[in-house]
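The listed protein sequences correspond, in order, to chains A and B. The numbering used here puts the first residue of the first sequence at 11, with every later residue one more than the last. The numbering used here puts the first residue of the second sequence at 363, with every later residue one more than the last. Scroll down for the structure; my scribbles are underneath it.
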Amino acid sequence: KNQVEQSPQSLIILEGKNCTLQCNYTVSPFSNLRWYKQDTGRGPVSLTIMTFSENTKSNGRYTATLDADTKQSSLHITASQLSDSASYICVVRASGTYKYIFGTGTRLKVLA
Amino acid sequence: EAGVAQSPRYKIIEKRQSVAFWCNPISGHATLYWYQQILGQGPKLLIQFQNNGVVDDSQLPKDRFSAERLKGVDSTLKIQPAKLEDSAVYLCASSPTSGTGGLYGYTFGSGTRLTVV
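Right, dumping it as structure tokens:
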């Protein structure tokens with residue numbers, strides 16, 4: 011069964027600190043993996059998109075990694091800011107389909 | 363390029379009433395999705411259209427939910443009658459279906475927050 015699991019479920023950090031969010035998936039065959047940031051009450055906004063051949067991709071203070079062998083991805087946030095407080099959702103698309111499998115997200119709270 | 367437009371942004375209705383949401387995808391995007399996102403959970407696919415045909419509606423509660431995309435562009439999602447558990451954010455997303463557009467073009471709207479009281 012195609013599944014995407016994220017950890018931790020929630021995380022609280024102090025402003026300026028770094029953090030890493032995890033995503034494990036069982037989607038097969040794999041096409042691509044996306045990380046989204048979702049502010050409360052808003053639609054998800056894409057942070058990174060990674061295909062099978064990409065190991066690392068950065069978008070400002072956000073860096074995503076992908077290990078297609080172990081089917082794991084991580085999202086690293088550097089020097090966190092209050093505006094990083096949001097839910098971060100990992101989404102995986104199966105090859106040959108236009109179906110997207112969503113993780114349940116990690117809720118991040120950055121405190122001053 | 364304009365994004366995925368959704369309206370209304372917010373809606374409060376009483377249980378057993380009807381409600382409709384509207385989505386205008388990015389121009390040229392053949393695939394349109396409706397998702398239900400309950401607070402604290404990830405989005406759940408309700409229905410996926412390819413142009414004006416339904417690709418997947420396996421998780422759509424068809425006794426009360428309906429959706430259409432008559433001309434392969436705009437789409438409406440209707441709930442009739444609404445239940446308390448329908449309170450959620452309803453997200454619309456669209457995507458091209460080929461080439462790099464299919465990879466990078468998958469885009470969400472801002473959603474409609476529905477509260478059923």
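Each residue gets a CB set at the ideal place from its N, CA and C atoms; glycine is no exception.
Less than 8 Å between the CB atoms is what I'm expecting for residue i and residue j, so what's the real figure, rounded?
i	j	result
A:Asn60	A:Leu76	The question names Asn, but residue 60 of chain A is Met in the sequence shown. Going by Cβ atoms, the distance from A:Met60 to A:Leu76 rounds to 5 Å, so yes, they are a contact pair.
B:Ala455	B:Gly471	7 Å
B:Ser380	B:Ala444	7 Å
A:Gln16	A:Cys33	5 Å
Any chance the CB of residue i is under 7 Å from a heavy atom of the ligand GDP?
i	result
A:Val55	This structure does not include the ligand GDP; it has no bound ligands of any sort.
Going by Cα to Cα distance, which pick from the options is closest to residue i?
i	options	result
A:Arg160	A:Phe62, A:Gln19, A:Gly53	A query on residue 160 of chain A cannot be resolved here, the shown segment of chain A reaching from 11 to 122 and no further.
A:Arg5	A:Leu57, A:Asn34, A:Arg52	Lying outside 11 to 122, the shown extent of chain A, residue 5 of chain A is not represented and no answer is given.
B:Gly390	B:Gly402, B:Ser380, B:Leu446, B:Asn414	B:Asn414
B:Ser420	B:Gly404, B:Pro387, B:Tyr395, B:Pro370	B:Tyr395
B:Val479	B:Gln368, B:Leu408, B:Arg378, B:Ala364	B:Arg378
B:Phe411	A:Ala78, A:Gly113, A:Lys119, A:Lys109	A:Lys109
A:Gln48	A:Ser97, A:Thr116, A:Val101	A:Ser97
B:Arg475	A:Ile111, A:Leu121, A:Gly53	A:Gly53
A:Thr88	A:Ile22, A:Ser20, A:Gly26, A:Val55	A:Gly26
Consider the Cβ of residue i: report whether some Cβ of chain A lies at a distance smaller than 8 Å.
i	result
B:Leu439	no
B:Ser389	no
B:Phe383	no
B:Gly404	yes
B:Leu453	yes
B:Thr459	yes
Give a yes or no on whether 8 Å exceeds the smallest Cβ distance from residue i to chain B.
i	result
A:Asp54	Reading off the sequence, residue 54 of chain A comes out as Pro, not Asp. By this cut-off, A:Pro54 is an interface position.
A:Thr116	no
A:Tyr108	yes
Tell me, please, which residues DSSP counts as bridged to residue i.
i	result
A:Asn69	A:Tyr72
B:Ala455	B:Tyr395, B:Phe470
B:Lys440	B:Ala382, B:Ser428
B:Ala364	DSSP lists no partner for B:Ala364.
A:Glu15	A:Asn34
**Request:** With 9 Å as the limit, tell me which residues of the stretch 411-430 of chain B have their beta carbon closer than that to any beta carbon of chain D; keep them in chain order.
**Result:** No chain D is present in this structure, whose protein chains are A and B.
**Message:** Against chain B, which members of the stretch 84-102 of chain A pass a CB distance test of less than 8 Å?
**Reply:** Within the stretch 84-102 of chain A, the qualifying residues are Ile99.
**Request:** Check each residue of the stretch 33-55 of chain A: if its Cβ is closer than 7 Å to any Cβ of chain B, include it; give the result in chain order.
**Result:** Correct list: Asn42, Gly51, Arg52, Gly53, Pro54.
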